[in-house]
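Residue numbers (full-length UniProt numbering): 1 to 90. Each residue gets a CB set at the ideal place from its N, CA and C atoms; glycine is no exception.
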């Protein structure tokens, strides 16, 4: 896998923890085991754009009041949505 920051070939997939502010701004949640990239050359750890988009869309389309302060990526993505897709996204 190639690192988007330093272009090293030593980047690997990893399950990392991240923090997201809920769309209503009421609080932040800890999301664990997010599909991520970790580069041993530059030390950068990040989520690819499509994963960030998936998380943000899911948080927009579910009842976030039912989410605890910590949730795994798999648990978050399995929560039923109010709508099939984010119609507010261009």
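Whose CA, out of 70, 82, 78, lies closest to the CA of residue 17?
By 1-based counting over the chain shown, the position of residue 17 is 17. Ranking the options by Cα distance to residue 17, first place goes to 70.
Own chain, CB closer than 7 Å to residue 1, minus 5 neighbours either side, in chain order:
On the chain shown, residue 1 is found 1 positions in, with the first residue counted as 1. These residues qualify, in order along the chain: 11, 12, 13, 37.
Tell me whether residue 72 sits in a helix, a strand or coil according to DSSP, three-state version.
For the purposes of this step, residue 72 is taken as the residue at position 72 of the chain shown. DSSP places residue 72 in strand when its eight states are reduced to three.
Assuming residue 4 contacts residue 64 (C-beta within less than 8 Å), just tell me the rounded distance between them.
Counting from 1 along the chain shown, the entry for residue 4 is found at position 4. Counting from 1 along the chain shown, the entry for residue 64 is found at position 64. Contact doesn't hold; Cβ gap of about 29 Å is too wide.
Over what stretch of residues does the alpha helix (DSSP H) that includes residue 31 continue unbroken?
Residue numbering aside, residue 31 sits at position 31 when the chain shown is read from its first letter. Run containing residue 31: none in the alpha helix (DSSP H); it sits in the beta strand (DSSP E), 28-39.
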